[in-house]
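Structure first, then comments.
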Amino acid sequence: MGEFGLIARLAEAFAKGGQPSGLVIGIGDDAAAWRASGVQLVTTDTLIEGTHFRLPHVPWRDLGWNALAVNVSDIAAMGGIPEQALLTLALPAQTEVADVDELLAGMLEAGKEYATAIVGGDIVGCDTTMVTVTLIGQALVDDRGEPLLMTRSGAHAGDAIAVTGCLGDSAGGLRILLGESAGSAEAADCLKRAHLHHRPPLAAGQMAVRDGVRAAIDVSDGLLQDLGHVCQASGLGAIVHAQRIPISPALRQAFPQDALALACGGGEDYQLLLAAPPGVIERVQGKADVPIAVIGEMVADRQRRVRLLDEDGRELAPPRAGWDHLRGAAWRR
Ligand SMILES: [Mg+2]
């Protein structure tokens, strides 16, 4: 079909997704143009075949959905509103047009779910399939028009640490997609879905920032690692109570031995980790459309350690099943 044919196809597909109100020029010119106000947010993420996904384990439609969803997750972690996205596709010459259509359809579904328009992009030939999405959004503002943002450096000693949803499901799903048989068919489906179809809790992030949460990160590399980024940026340590980490019944059933390790370090959860005074977290818990579990607290610690404690307060060694370990080894073998 060639680059120009594909771009026309892309433009046609994305036009169906509707245009954001501030858009002046969408796909088809040298650049997109839109009216902007307030504080803009921008983030980008690349998914590479063989590193982040492997076809055909990941259906094209899910790939399109996830390519946008992982970027929405970053905007959610800032407490912002996603608005428009750019898509860069690197595709081998033999790629089927039907597969590209599926990818676009998946991305459009995510765009609809998260009220995001795709306003442009690029297509290049390449030996490897790569999907890059750049997402532009906006910060919410307070009554005086000042931006409301959650940052990695915004935590204070005494803050409660909370996470949305359940952790580890996506990593468990990856293991099943890679051929491990575990748990009931129902549990396996649920875990695979978590891996193939990330659902970042965007509304909860916006609610949190409105209610006064000022520190957050999205859990993409694994709970302990991402919490480590908050500790580094905030100059604090963190204590996590292992038994309070939300683990789904499906994960417990499929991987009874590894459930905690997967929840602590599996990665690609695309849930939110929040740090705020306990009363603020309680307020958000009462209103959010997703479960929010308090799992620990931020503490003064010059060494900025993340410590995992068991029920008796004894320190546990970080269970091993991190992103590098799991993904690096699994995808490349
Ligand atoms: Mg992130």
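Following the numbering used here, the residues of the sequence shown are numbered contiguously, the last one being 453. Glycine is no exception: its CB is placed at the ideal position from the N, C-alpha and C atoms. Because the structure is a prediction, the values reported are computed rather than measured.
| Item | Value |
| --- | --- |
| Pair within 8 Å by beta-carbon distance, Ile-337 and Arg-272 | yes |
| Same chain only: Cβ atoms within 8 Å of Asp-199, ignoring 5 sequence neighbours per side | Note on identity: in this sequence residue 199 is Gly, with Asp being the wrong assignment. Around Gly-199: Ala-259, Leu-260, Leu-268, Leu-269, Met-270, Gly-325, Gln-326, Ala-328, Val-329, Arg-330, Val-333, Ala-336. |
| Proximity winner among Pro-366, Leu-393, Glu-388, Glu-435, relative to Leu-380 (alpha-carbon distances) | Pro-366 |
| Chain-order list of residues whose beta-carbon lies under 6 Å from that of Ala-208 (same chain, five-residue window excluded) | The sequence shown places Thr at residue 208, not Ala. So the qualifying residues of the chain are Gly-241, Asp-242, Thr-252. |
| Asp-389: CB within 7 Å of a non-hydrogen atom of ligand 1 | no |
| Ala-196: CB within 7 Å of a non-hydrogen atom of ligand 1 | no |
| When Ala-218, Ala-189, Ala-205, Leu-126 are compared against Ala-151, the one with the closest alpha-carbon | Ala-205 |
| Burial state of Gly-285, where buried means 16 or more other Cβ atoms lie within 10 Å | buried |
| Inter-residue spacing [alpha-carbon to alpha-carbon] between Gly-299 and Arg-264 | 54 Å |
| Distance cut-off 7 Å: Asp-338 Cβ against heavy atoms of ligand 1 | yes |
| Classification of Pro-438 by the beta-carbon crowding that lies within 10 angstroms, buried from 16 upward | buried |
| Beta-ladder partner(s) of Val-426, from DSSP | Ala-358 |
| Unbroken beta strand (DSSP E) run spanning Ala-336, endpoints | 335 to 339 |
| Arg-434, buried or exposed, once every other Cβ within 10 Å from all chains shown has been counted against 16 | exposed |
| Opening and closing residue of the alpha helix (DSSP H) in which Met-327 lies | 322 to 330 |
| Three-pair Cβ contact test at 8 Å for the region 399 to 408 versus the region 341 to 361 | no |
| Coarse secondary structure for Ala-213, derived from DSSP in three states | coil |
| Asp-242, enclosing beta strand (DSSP E) - first and last residue | 237 to 245 |
| Beta-carbon proximity check, Thr-164 vs Thr-254, cutoff 8 Å | yes |
| When Ile-127, Gly-355, Gly-303, Ser-290 are compared against Phe-173, the one with the closest alpha-carbon | Ser-290 |
| Distance between beta carbons of Ile-412 and Ala-282, contact taken as under 8 Å | 5 Å |
| First and last residue of the uninterrupted beta strand (DSSP E) at Ala-413 | 412 to 419 |
| Contact belief for Leu-188 with Met-227 at Cβ below 8 Å, rounded distance in angstroms | 5 Å |
| DSSP state of Glu-388 mapped onto helix, strand, coil | coil |
| Pick from Cys-384, Ala-302, Met-418 that is closest to Ala-395, judged by C-alpha positions | Met-418 |
| Where Glu-203 falls, given that 16 or more other Cβ within 10 Å makes a residue buried | buried |
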